[in-house]
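Residues 2 to 351 in the numbering used here are what the sequence shown lists, from first letter to last. Think of the CB as a built atom: it goes at the ideal place given N, C-alpha and C, for glycine as much as any other residue. Since the model is a prediction, treat every value here as computed from it, not as a measurement. Scroll down for the structure; my scribbles are underneath it.
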Amino acid sequence: MISHPVSGRLPVPRRAATYHSAMTRVFSGVQPTGALHLGNYLGAFRQWVAGQRESDCYFCVVDLHSLTVEHEPGELAALTLDTAACFLAAGLEPDLVTLFVQSHVHEHAEMAWLLECNVSFGELSRMTQFKEKAAGRGAVKAGLFTYPALMAADILLYDTDRVPVGDDQRQHLELTRDVAMRFNNRYGETFVVPEAAVPEAAARVMDLQAPTQKMSKSEGSPLGRIDLLDGPEEVTQKIRRAVTDTDGEVSYDPDRKPGVSNLLEIMSAVTGEPVAEVASRYQQYGSLKADLAEALVEMLQPVRKRYELYSSDPGEMANLLEQGADKAAAVASKTLARAKEAMGLLGRTA
Ligand code: TYM
Numbered sequence: 002m003i004s005h006p007v008s009g010r011l012p013v014p015r016r017a018a019t020y021h022s023a024m025t026r027v028f029s030g031v032q033p034t035g036a037l038h039l040g041n042y043l044g045a046f047r048q049w050v051a052g053q054r055e056s057d058c059y060f061c062v063v064d065l066h067s068l069t070v071e072h073e074p075g076e077l078a079a080l081t082l083d084t085a086a087c088f089l090a091a092g093l094e095p096d097l098v099t100l101f102v103q104s105h106v107h108e109h110a111e112m113a114w115l116l117e118c119n120v121s122f123g124e125l126s127r128m129t130q131f132k133e134k135a136a137g138r139g140a141v142k143a144g145l146f147t148y149p150a151l152m153a154a155d156i157l158l159y160d161t162d163r164v165p166v167g168d169d170q171r172q173h174l175e176l177t178r179d180v181a182m183r184f185n186n187r188y189g190e191t192f193v194v195p196e197a198a199v200p201e202a203a204a205r206v207m208d209l210q211a212p213t214q215k216m217s218k219s220e221g222s223p224l225g226r227i228d229l230l231d232g233p234e235e236v237t238q239k240i241r242r243a244v245t246d247t248d249g250e251v252s253y254d255p256d257r258k259p260g261v262s263n264l265l266e267i268m269s270a271v272t273g274e275p276v277a278e279v280a281s282r283y284q285q286y287g288s289l290k291a292d293l294a295e296a297l298v299e300m301l302q303p304v305r306k307r308y309e310l311y312s313s314d315p316g317e318m319a320n321l322l323e324q325g326a327d328k329a330a331a332v333a334s335k336t337l338a339r340a341k342e343a344m345g346l347l348g349r350t351a
């Protein structure tokens, strides 16, 4: 395993340790596949924002990933810009972090091919997200199957130390680590081996109407999902109508009481209190729901305000993404060149 000059876990191997500075490198991404929701916010964005001052952060709208299922070509560009505006709305500061669009940095697709040649059919077949997404689809795209190699490419291109993600991405992160270590063993130290950073509370926010399924951009009913840009009335309405159960007892028991447990966990993530303490404060579902709705409205209000600001100037947003792509490409091109050389590909002379 190779680590950074600063983390001090292991001596820095000769080939990979050329670049980055004293800061921890962070990379993460979101697909532009629909309105972002509370799960994205609590699982990913909040961690991104919390670490943006002390880390060297790269955040990416992973548009190539969104091509792995049917998409609407006429909507993708606007959704990509909108997703980037949501990154800033969530609280990222444009002068602290590098924001960019995956397809603007061609190294992602090229690195994905190198990694596809270092991951096995069996490993990709075991990915639960592939199995879930492929189930019930008539024609499954090859890209959906090889998706985890592209995700590994995203991460490894940036010599990433930490990848803040929700719980559903753990398995992809494990695969990324395996591929990086295997590559380093086979071809010499080339990649930094990254670690997943998954939040303690609300790592998997569940659908409010179907609390055994995760809250998702593309599945489930709109009532089951709190969108990042929902106003006070929508938030209050959705929490009030959230599915609970009939025994009327507030306690945290995800297997037996998934609906109430989901609400308790969201409350715990929002207030920072341990979930057991939150549960001990309530006797009735009604008061838990009322307080949760109020806390969420308060949390999301500044997000909506910032969104209005950033989405009102798509030209400026596009400029920011151009600059981000230049910065990202400068890092990614070096890592790609290193990986190609390690695998023995003939370099160009000019
Ligand atoms: P995506 O676009 O589905 O989700 C973006 C982020 O939100 C988290 N998340 C959730 N967290 C808690 N509860 C939920 N219900 C919930 N739903 C989504 C996800 O875990 C993720 O952190 N494959 C990734 C995108 C990706 C990526 C990467 C991420 C591509 N390359 C490299 C990190 C690093 C995905 O589909 O996320």
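Nearest Cα to Arg339 within the set Val251, Gln172 and Phe184: Phe184. If the five residues before and after Ala110 are omitted, its C-beta is found closer than 7 Å to the C-beta atoms of Leu65, all from its own chain and listed in chain order.
In this structure, Gln170 lies away from Thr129, with their beta-carbon atoms at least 8 Å apart. Take the alpha-carbon of Glu266 and the one of Lys134: they are about 26 Å apart. If you check the CB distance, Ala319 and Leu97 do not come in under 8 Å. A Cβ-Cβ contact shorter than 8 Å links Leu176 with Pro149.
When DSSP states are grouped into helix, strand and coil, Tyr59 belongs to the strand group. With a contact defined as Cβ atoms closer than 8 Å, Arg205 and Leu224 miss out at about 19 Å. Residue pairing by DSSP puts Ala197 in a beta bridge opposite Val164. Straight through space, the alpha carbons of Glu76 and His107 are spaced by roughly 21 Å.
A residue is called buried when at least 16 other Cβ atoms come within 10 angstroms of its Cβ; Asp155 meets this threshold and is buried. Looking at Tyr311, Val141, Gly316 and Lys341, the one whose alpha-carbon comes closest to that of Leu93 is Tyr311. The Cβ atoms of Val236 and Ala181 do not sit closer than 8 Å to each other. Rounded to whole angstroms, the separation of the alpha carbons of Met216 and Gly316 is 32 Å. The distance from the Cβ of Leu174 to that of Val164 is about 6 Å, consistent with a contact at the 8 Å cut-off.
Inclusion of Asp155 in the 7 Å shell around the ligand TYM follows from its C-beta lying nearer than that to a non-hydrogen atom of the ligand.
Beyond the five residues adjoining it in sequence on each side, Asp57 comes within less than 6 Å, by CB distance, of Met24 and Arg26 in the same chain, given in chain order. At a Cβ-Cβ threshold of 8 Å, Val166 and Gln210 do not count as neighbours. In this structure, Thr161 lies near Phe28, with their beta-carbon atoms less than 8 Å apart.
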